[in-house]
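Single-structure report; data block below.
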Amino acid sequence: MSNIEQTLSIIKPDAVERNLTDEIKSVFIKNDLKIKNNKKIHITKDEAAEFYKVHQSKPFYDDLCTYLSSGPIVVMILEGENAILSNRKLMGATDPKKAEENTIRKKFGLSIDKNSVHGSDSKDNAKKEIAFFFKD
Ligand code: CDP
Ligand code: MG
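Here the working numbering is used: the first residue of the sequence shown is 43, the next is one more, and so on.
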């Protein structure tokens, strides 16, 4: 049975800065994820703190929010068959050193914090994260 989903993808500052946006987008397109909506923005630290609030108790939270607000990011809605899991597979493990061959993080990630991309991890979070960036 078909299961078309939408998920939120973010190209993080380290990747935007290195001009990897088009190359990363092409990975999604080649793997049957449509880019439905797409904008380049620079968020404040407060906005990053709101976006990442599920991580507020983690030791890396403050650095993570500083980082996501440190430069332009590209936020996108990806749509396709099992888009949430499909995007997570294309991204690879959080730590680029542990990411599978040919994943975005393996190819482009610099470190566990500068790991080039974000992707929603569940249907619920995908809905919330899409609404956060694309209110209509
Ligand atoms: O992004 P992902 O869902 O794979 O990982 P997460 O556990 O939800 O963590 C969110 C983000 O926090 C990661 O993508 C990293 O940028 C950052 N992080 C970090 O800086 N240090 C860690 N030990 C774990 C995560
Ligand atoms: Mg996560």
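Note that the Cβ used here is the ideal one computed from N, Cα and C, for glycine as well. Because the structure is a prediction, the values reported are computed rather than measured.
My output table needs one value for ILE154: the three-state DSSP class, helix, strand or coil. Position 112 of the sequence shown, counting from 1, holds the residue named residue 154. Residue state, collapsed to three classes: coil.
Based on DSSP bridge pairs, tell me the residues matched to SER51. Numbered from its first residue, the sequence shown carries residue 51 at position 9. DSSP, once it has assigned bridges, lists MET118 and GLY161 as partnering SER51.
6 Å CB neighbourhood of ILE119 in its chain, flanking five on each side removed: Translated into the one-based positions of the sequence shown, residue 119 becomes position 77. Answer for ILE119: GLN48, LYS78, ASN79 and ILE172, listed in chain order.
Please determine if the region 92-110 and the region 57-73 are in contact, where contact requires at least 3 C-beta pairs separated by less than 8 Å. no
Tell me whether ASP137 counts as near the ligand MG, meaning its Cβ is closer than 7 Å to at least one heavy atom of that ligand. Counting from one through the sequence shown, the residue named residue 137 turns up at place 95. For the ligand MG, not one heavy atom lies less than 7 Å from the Cβ of ASP137.
Endpoints, the alpha helix (DSSP H) within which LYS76 is located: Here residue 76 refers to the residue found at position 34 when the sequence shown is read from its first residue. That residue, LYS76, is in no alpha helix (DSSP H); its beta strand (DSSP E) goes 76-83.
Start and end residues, alpha helix (DSSP H) containing ALA125: Reading the sequence shown from its first residue, position 83 is the one you call residue 125. Here the alpha helix (DSSP H) through ALA125 covers 125-133.
For ARG188 versus SER158, is the C-beta spacing smaller than 8 Å? The shown model of the chain, from 43 to 178, leaves out residue 188, and the question about it has no answer.
Taking C-alpha atoms, which residue in ASN45, ILE52 and ASN167 lies nearest to GLY113? If you number the sequence shown from 1, residue 113 lands on position 71. Looking at the Cα atoms, ILE52 is the closest of the given residues.
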